[in-house]
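S.K.: Residue numbers (the working numbering), protein chains in the order written: chain G, 55 to 171; chain X, 89 to 466. The beta carbon of each residue, even a glycine, is placed where N, CA and C say it ideally should be. Got a structure for you, questions after.
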């Protein structure tokens with residue numbers, strides 16, 4: 055598996071442990087649940103459900119301030135891991151969403167919008 | 089056994105021109121004098137960190153500056169839980185017989201020593217550098233995320249959260265050292281500037297300058313002893329993204345362990361000092377600790393349960409939300425106020441009965457928890 059959005063590519067990648075079946079989002083050389091080495095990297099579908107959100111109105115850096123207000127969301131991905139991203143302002147907890155990508159402070163970040171249900 | 093024999097607290101707010109070491113020294117002097125000790129009797133030093141003056145060996149720097157030569161000294165870092173983690177460690181090394189009198193001290197010119205942006209950025213580092221930080225979150229945003237989910241799960245409203253800000257301000261109104269003392273209403277909180285919704289400015293603790301200290305000793309140094317009965321910790325996650333369960337953040341686990349260590353149950357508690365970096369923090373901790381049912385903490389604020397003359401007085405100095413938050417010293421102020429209450433020295437803020445107290449702190453995004461039971465002994 056090549057890069058994901060943290061490396062500037064339009065993709066969300068997670069890791070899946072062959073030994074215990076756990077999924078993890080933060081890249082590591084081992085499974086954080088059981089310690090087995092080399093979890094397999096997989097590309098996520100980008101589908102998920104909104105778990106939580108917060109509309110940032112007061113940003114901490116001049117670069118981020120150009121984007122306010124921006125909605126930070128936690129999304130439960132269909133593949134069974136949770137991730138942080140940006141999303142539409144009118145999202146609600148429980149909404150089904152799909153990932154797109156937008157520029158934020160000079161880089162690509164995942165941006166979720168509601169899917170037709 | 090160990091006892092909190094002395095406490096010291098500066099006012100919080102602006103201390104223009106005071107450095108981290110100045111504020112630490114001031115609080116340390118107060119605490120040592122309060123314990124009736126001489127500087128030379130301090131043989132252990134624990135200190136927190138300062139975002140304004142980062143240093144790889146701050147406890148030694150402080151000891152040298154303060155003019156003492158302890159036999160045990162180092163810094164501790166667990167974010168907002170640092171103060172109570174140091175109290176727990178002090179208790180442990182005193183019980184182990186390593187030292188006789190431990191000075192626990194912290195101070196920081198967090199407000200005037202740096203720009204507000206720098207302060208916010210330094211703290212945002214509790215987020216994941218690759219998977220969270222590029223999204224521009226702030227500390228209020230991490231807690232805003234938590235708040236949105238908690239409100240969704242338990243039917244808590246923004247007005248409910250506002251009650252905690254009003255309560256802390258009412259308490260602070262009677263403490264001359266508090267950063268904010270003008271009473272506020274739920275409407276004031278609702279109308280305050282949005283920061284990271286659902287959290288607004290008055291849902292958030294301020295950034296402050298200040299210092300706090302206490303002495304943990306093997307025996308009481310005055311008539312009324314405040315004994316550390318037992319303490320414990322729990323660490324379930326670091327990042328908001330990896331919170332395992334929103335209804336089991338670690339507070340209950342830490343409390344259960346502290347109960348086992350002290351043979352004190354939550355029902356025995358008469359006074360509480362609970363971490364309140366945001367209104368949602370206080371609401372969630374009160375409910376997870378069992379001081380209120382899920383979604384019931386705010387109604388209990390409205391009914392006066394947590395007021396000074398209520399059944400469970402709480403953060404009578406005004407907490408982080410109104411006394412202020414200077415970093416590690418912020419939550420140490422909860423312990424200072426608790427010790428004053430337990431020894432009957434809280435003046436116009438004195439509660440009827442503070443014979444048994446619970447202190448609880450968290451660091452990160454409800455990531456690291458420390459619980460501690462204190463008991464008054466004569």
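Compute the distance between the beta-carbons of residue 376/X and residue 336/X, then report whether it is under 9 Å.
M.R.: Yes; because the gap between Cβ atoms is below 9 Å, this pair is in contact.
S.K.: Please tell me whether residue 101/X and residue 138/X are closer than 9 Å, where the distance is taken between their beta carbons.
M.R.: Result no, Cβ atoms of residue 101/X and residue 138/X do not sit closer than 9 Å.
S.K.: Check whether the segment 189-207 of chain X touches the segment 97-114 of chain X, counting contact only when three or more Cβ pairs, one atom from each stretch, lie closer than 8 Å.
M.R.: Yes: at least three Cβ pairs fall under 8 Å.
S.K.: Consider the Cβ of residue 110/G: report whether some Cβ of chain X lies at a distance smaller than 9 Å.
M.R.: It does: the Cβ of residue 110/G has a partner Cβ on chain X nearer than 9 Å.
S.K.: List, in order along the chain, the chain G residues whose C-beta lies closer than 7 Å to that of residue 209/X?
M.R.: Neighbours of residue 209/X on chain G, chain order: 114, 115.
S.K.: Give every residue of the same chain whose Cβ lies closer than 7 Å to the Cβ of residue 197/X, excluding the five residues on either side of it in the sequence, and list them in chain order.
M.R.: Cβ neighbours of residue 197/X beyond the five flanking positions: 103, 106, 107, 108, 111, 140, 297.
S.K.: Between which two residues does the beta strand (DSSP E) containing residue 400/X stretch?
M.R.: No beta strand (DSSP E) contains residue 400/X, which DSSP labels as neither H nor E.
S.K.: According to a CB-to-CB cut-off of less than 7 Å, which residues of the segment 145-161 of chain X neighbour chain G?
M.R.: Result list empty, no residue passes.
S.K.: Within the 9 Å Cβ cut-off, does residue 93/G reach chain X?
M.R.: So no, residue 93/G is outside the interface.
S.K.: Which term fits residue 397/X, buried or exposed, when burial requires 16 or more other beta carbons within 10 angstroms of its beta carbon?
M.R.: Per the 10 Å Cβ criterion, exposed.
S.K.: Could you tell me whether the Cβ atoms of residue 405/X and residue 266/X are closer together than 9 Å?
M.R.: In this structure, residue 266/X lies closer than 9 Å to residue 405/X by Cβ.
S.K.: When burial is assigned at 16 or more other CB atoms within 10 Å of the CB, is residue 436/X buried or exposed?
M.R.: Residue 436/X comes out exposed.
S.K.: Quick one: grab the DSSP three-state call for residue 295/X.
M.R.: Note: residue 295/X maps to coil in three-state DSSP.
S.K.: Give the DSSP-derived three-state secondary structure of residue 114/X in the structure shown.
M.R.: In the structure shown, residue 114/X sits in a helix (DSSP, three-state: H, G or I).
S.K.: Hey, how far is the Cα of residue 152/G from the Cα of residue 169/G?
M.R.: C-alpha separation (whole angstroms): 6 Å.
S.K.: Under 9 Å between C-beta atoms, does residue 287/X make it to chain B?
M.R.: Going by chain labels, chain B is absent from the structure shown, which instead holds the protein chains G and X.
S.K.: For residue 456/X and residue 400/X, what's the separation of their Cα atoms in angstroms?
M.R.: Cα-Cα distance, rounded: 24 Å.
S.K.: Who pairs with residue 154/G in a beta bridge, going by DSSP?
M.R.: Partner(s): 165/G.
S.K.: If we cut at 9 Å on Cβ distances, does residue 158/G have a partner in chain X?
M.R.: So, interface residue.
S.K.: Does residue 154/G come within less than 9 Å of chain X when only Cβ atoms are used?
M.R.: Not one chain X Cβ lies under 9 Å of residue 154/G.
S.K.: Just the chain G side, please: which residues come within less than 7 Å of residue 240/X by C-beta, in chain order?
M.R.: Residues of chain G passing the Cβ test: 147.
S.K.: Please list the terminal residues of the continuous beta strand (DSSP E) segment that includes residue 286/X.
M.R.: Unbroken run through residue 286/X: none, as it is neither H nor E.
S.K.: I'd like the span of the beta strand (DSSP E) that includes residue 93/X, first residue to last.
M.R.: Taken as a continuous stretch (DSSP letters only), the beta strand (DSSP E) holding residue 93/X covers 91-97.
S.K.: To which residues does DSSP link residue 166/X through a beta bridge?
M.R.: Bridge partners of residue 166/X: 168/X.
S.K.: Residues of chain X with CB closer than 7 Å to the CB of residue 80/G, please, in chain order.
M.R.: Within 7 Å Cβ-Cβ: 216, 219.
S.K.: State yes or no: is the C-beta of residue 459/X within less than 9 Å of the C-beta of residue 379/X?
M.R.: No, Cβ-Cβ distance for residue 459/X and residue 379/X is not below 9 Å.
S.K.: For a contact defined as C-beta to C-beta under 9 Å, what are the partners of residue 103/G on chain X?
M.R.: Simply none; closest approach about 12 Å.
S.K.: Tell me where the alpha helix (DSSP H) around residue 420/X begins and ends.
M.R.: Residues 416-430.
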